[in-house]
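Undergrad: Have a look at this one.
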Amino acid sequence: ETLVARMTERGKTSGRPDDNSDAIEKRITTY
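What follows is the structure in structure tokens.
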């Protein structure tokens with residue numbers, strides 16, 4: 152939960168297109 156919140160906030164500030172909820176869940180599952 153904490154990781155998802157951090158990555159979501161990073162996506163808002165960094166402008167990274169891959170920091171959205173779908174990509175975050177996939178990344179957590181993969182790694």
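Counting in our numbering, the sequence shown runs from 152 upward without gaps. Every residue gets a Cβ at the ideal spot worked out from N, C-alpha and C, and that includes glycine. Note that the structure is predicted; figures quoted are calculated from it, not measured.
1. Hey, D173 and G162 are a contact pair by Cβ (cut 8 Å); roughly how many whole angstroms apart?
2. Alpha carbon to alpha carbon, what distance is there between R178 and V155?
3. Classify G166 as helix, strand or coil using the three-state DSSP reduction.
4. Between which two residues does the alpha helix (DSSP H) containing E152 stretch?
TA: Reading it off the structure:
1. Actually they are not in contact, since the Cβ atoms of D173 and G162 sit about 11 Å apart, beyond 8 Å.
2. A straight-line Cα-Cα distance of about 10 Å links V155 and R178.
3. G166 sits in coil when the DSSP states are folded into three classes, being neither helix nor strand.
4. From DSSP, E152 is part of no alpha helix (DSSP H); its letter is neither H nor E.
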